[in-house]
Amino acid sequence: MAVFWLAWTVVPLRVVFDTRVGVAGWTYDQSLLVVGFFVTLKGLLDTFVEPNLRSVVEQVRMGTLDFTLLKPVDAQLMISTTKTMPAKLFHVVGGVGLLFYASGQLPQPPSIGSVIWAFLLLSSGLACIYSLWLAVVSLAFFFVRIDNLSYVLESVLDAGRWPVDLYRGGLRFVFTFVVPVGLMTTYPSLALLGNLSAGDGMLSIVVSFVFLFLSRQIWEFALARYSSASS
Amino acid sequence: MDCPTCVDKHVIRVENLCKTYRVPQKPPGLVGSLRSLFSREVQQVHAVQNVTFEIQPGERVGFLGPNGAGKTTTLKMLSGLLVPTSGQINVRGFRPSDRDPDFLRRITLVMGQKQQLLWDLPPYESLELNRALYAISRAQFQETVGQLRDLLDLGALLDRPVRNLSLGERMKCELAVALLHRPDVLFLDEPTIGLDVTMQATVRTFIAEWNQRYGVTVLLTSHYMQDIAALCNRVIVIDGGKLVYDGDLGALARNIAPHRRILLRSHTEMTLDALSAYGPFVREGGSTVASVHASVVNSIVNRLLVDIPDIELSVEDASLESIIARLFQRGEGETRNGRQ
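Listed below in structure tokens is the structure:
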């Protein structure tokens with residue numbers, strides 16, 4: 004299943020590059036890196052983040068979040084770490100495999116330094132998605148049923164399979180700063196290619212911290228307005 | 150702040166507590182749904198209004214009220230789940246809504262309608278999870294589980310998957326999990342709901358035993374009056390979010406239902422005319438009954454026993470159910486539920 008999904012992710016890329024050598028300055032192999040990071044990131048998200056946050060929405064609706072809030076442990080930590088979907092780790096393996104393959108196709112292999120940078124930026128990307136998810140979940144405290152919104156977010160994240168340079172104007176701004184899918188996949192790829200300036204890298208990490216901080220604020224704001232479910 | 154050396158007489162102090170929910174209203178039908186997308190009407194529901202009470206260490210207090218009276222809302226505010234709209238709460242020196250970990254370690258909330266046991270796993274796994282969450286030492290864990298196993302007669306229940314347990318067995322395990330960290334304030338929200346008579350009695354005996362052994366403070370809500378009668382000397386009654394009564398259960402009965410019934414069974418036929426000299430006797434089914442004020446019961450009974458040699462009589466208290474029903478009726482007349 005995971006192999007099929009991986010192949011399916013690469014198909015659009017093949018179609019696009021079938022008749023062209025480069026798109027917006029990206030070659031096929033370079034774009035493959037972006038897809039590799041996208042698959043890895045999505046795999047990590049589906050394994051560790053998504054199952055948890057999805058269950059929070061249910062807990063808010065049913066009022067069983069009460070028990071989580073009664074524990075002498077940080078509630079955000081609790082709700083973010085109770086569930087994992089180990090099966091989705093296959094996607095991570097596939098994504099990493101793709102990254103190795105794509106790196107091997109490059110004219111010169113990435114340096115250790117750029118690999119470390121790429122890893123850091125991937126982590127900051129994950130932090131950004133996690134924050135976005137948490138913010139969306141916090142809305143459940145107000146609107147209860149937010150399943151649809153989570154699908155919207157998921158579709159927006161899909162934009163991360165393409166290098167951010169493909170997008171123009173407003174979209175590009177949105178994908179860099181508002182829903183930073185660009186940061187999540189394009190920046191690590193650039194880092195691996197050795198094309199990312201240290202300043203941009205740092206900016207990306209700072210942005211992820213800002214996202215973590217803001218989502219924490221939103222979460223706490225929502226928690227104070229938790230109305231439980233009556234029994 | 151928490152201060153173990155301070156001698157605070159009260160474990161729980163609640164002052165002018167209010168909670169107002171904002172409940173969105175939707176007109177019926179498709180048009181109503183569309184309209185509510187743009188302008189939502191919000192109704193204010195005053196779930197708890199100006200409630201004030203204090204509870205001393207080791208007390209067992211019954212929290213009474215009809216459905217929707219604000220009992221659960223109050224318990225949830227006391228345990229820090231809900232933030233009060235206004236008013237002060239102090240539990241063991243903490244403000245519950247801060248959800249200070251030290252505060253959370255001292256309290257527990259058991260909800261008869263919701264469970265924290267992990268559905269597909271044996272209760273022992275939930276105990277282990279709580280051991281980790283509350284950072285309980287292995288030795289203390291073993292000791293507490295041993296005590297709970299004895300008192301609740303858990304036997305092999307802890308090793309069976311929760312979904313294979315009966316409702317009563319689940320409640321026992323639920324109590325075990327909730328008490329594992331040895332909290333000294335217990336909030337019990339209808340812990341006996343849906344249980345059969347024997348299981349209710351088991352749960353009651355356990356709560357009383359735990360309270361006596363460890364001097365824990367218990368605040369209990371229940372729809373079963375036997376629970377309240379067996380466990381609580383003191384009751385707090387709220388209705389429509391307002392405090393209607395706070396005090397001794399016996400005094401409540403005397404205030405609300407000052408009348409007692411005298412039942413006569415006599416071998417000699419007595420006319421109601423003859424009996425009217427003693428009290429307002431009437432025939433009810435096969436027996437002769439008079440409802441009289443508690444203050445004159447003794448003198449009437451004495452005179453009957455002296456005057457009629459072979460008389461058999463008994464005196465009945467009004468049932469707690471009927472007392473509570475009467476109290477709520479009276480409360481409704483005064484406050485007419487809290488919605489505005």
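Chains A and B are the protein sequences, given in the same order. Read in order, the letters of the first sequence correspond to residues 4 to 234 in the numbering used here. Read in order, the letters of the second sequence correspond to residues 150 to 489 in the numbering used here. We put the beta carbon where it would ideally sit given N, CA and C, even for glycine. Computed from a prediction, not measured in an experiment: that's the story for all the values here.
Proximity of residue 280 of chain B and residue 290 of chain B at Cβ, strictly below 7 angstroms | yes
Residue 66 of chain A touches chain B at which residues, Cβ-Cβ below 8 angstroms?
-> 263
Give me the Cα-Cα distance between residue 486 of chain B and residue 461 of chain B, rounded to the nearest whole angstrom.
-> Only weak support is given to the placement of residue 486 of chain B: the predicted model assigns it a pLDDT of 39, under 50, and the question is left unresolved by the model.
Taking Cβ positions only, does residue 312 of chain B come closer than 7 angstroms to chain A?
-> no
Measure from the alpha carbon of residue 144 of chain A to the alpha carbon of each residue in A:98, A:34, A:69, then state which is nearest.
-> A:69
Just to confirm, are residue 440 of chain B and residue 410 of chain B a CB contact at a threshold of 7 angstroms?
-> yes
Going by CA-CA distance only, name the one from A:94, A:182, A:113 that's closest to residue 139 of chain A.
-> A:182
Excluding the 5 residues preceding and the 5 following residue 276 of chain B in the sequence, name in chain order all residues of the same chain whose CB lies nearer than 8 angstroms to its CB.
-> 290, 294, 307, 325, 326, 329
Determine the DSSP secondary structure at residue 268 of chain B, reduced to helix, strand or coil.
-> coil
Indicate whether at least one CB of chain B lies closer than 7 angstroms to the CB of residue 234 of chain A.
-> In this predicted model, residue 234 of chain A has a pLDDT of only 46, less than 50, meaning its place in the structure is not dependable enough to derive any value.
Assuming residue 189 of chain B and residue 176 of chain B form a contact by the criterion Cβ under 8 angstroms, report the distance between their Cβ atoms to the nearest whole angstrom.
-> With 8 angstroms as the limit, residue 189 of chain B and residue 176 of chain B do not qualify as a contact, their Cβ atoms being about 10 angstroms apart.
Scan the stretch 221 to 239 of chain B for residues whose Cβ lies nearer than 9 angstroms to a Cβ of chain A and list them as they occur along the chain.
-> 221, 222, 225, 228, 229, 230, 231, 232
Backbone secondary structure at residue 84 of chain A - three-state DSSP = helix
Short CB-CB distance (under 7 angstroms) between residue 250 of chain B and chain A = yes
With a CB to CB cut of under 8 angstroms and the five nearest residues on each side skipped, what residues in its chain are close to residue 259 of chain B?
-> 323, 324, 327, 335, 336, 337, 338, 340
Counting Cβ pairs, one atom from each stretch, are 3 or more of them under 8 angstroms apart for the stretch 66 to 85 of chain A and the stretch 99 to 109 of chain A?
-> no
May I ask you to list, following chain order, the residues of the stretch 273 to 296 of chain B that have a beta carbon less than 7 angstroms from some beta carbon of chain A?
-> 282, 283
Since residue 173 of chain B is in the beta strand (DSSP E), which residue starts that stretch and which ends it?
-> 161 to 174
Rounded straight-line distance, which links the Cα of residue 58 of chain A to that of residue 272 of chain B | 21 angstroms
Look at residue 113 of chain A and residue 199 of chain A and say whether their C-beta atoms are less than 7 angstroms apart.
-> no
Reference residue 227 of chain A, options B:371, B:193, B:226, closest by Cα | B:226
Backbone secondary structure at residue 222 of chain B - three-state DSSP | helix
Sequence ranges, beta strand (DSSP E) only - wholly within the stretch 445 to 480 of chain B, length at least 3 = 460 to 465
Leaving out five residues before and five after residue 102 of chain A in sequence, what residues of the same chain have Cβ atoms less than 6 angstroms from its Cβ?
-> 39
Proximal chain A residues relative to residue 353 of chain B, where beta-carbon distance stays under 9 angstroms | Result: empty, since nearest Cβ-Cβ is about 20 angstroms, beyond 9 angstroms.
Per-residue burial, residue 390 of chain B [other beta carbons within 10 Å of its own, 16 or more giving buried] = buried
Please report the residue range of the beta strand (DSSP E) in which residue 441 of chain B lies.
-> 436 to 442
Indicate whether residue 203 of chain B and residue 255 of chain B have their beta-carbon atoms separated by less than 7 angstroms.
-> no
Report the option in B:443, B:449, B:167, B:407 whose CA atom is closest to the CA atom of residue 424 of chain B.
-> B:449
Cβ-based contacts, 7 angstroms cut-off: residues of the stretch 71 to 98 of chain A near chain D = Absent from the structure is chain D; the protein chains it does hold are A and B.
Short check: CB of residue 166 of chain B to CB of residue 236 of chain B, under 7 angstroms?
-> yes
Using a Cβ-Cβ cut-off of 7 angstroms, state whether residue 485 of chain B counts as contacting chain A.
-> A caution first: residue 485 of chain B carries a pLDDT of 38, below 50, which makes its placement in the model too unreliable to give a value.
If you draw a straight line from the alpha carbon of residue 125 of chain A to that of residue 191 of chain A, how long is it in whole angstroms?
-> 6 angstroms
Paired residues, beta bridge with residue 199 of chain A - DSSP = Residue 199 of chain A is not bridged to any residue.
Would you please verify whether the beta carbon of residue 227 of chain A is less than 7 angstroms from any beta carbon of chain B?
-> yes
Return no unless some Cβ of chain A is closer than 7 angstroms to the Cβ of residue 254 of chain B.
-> yes
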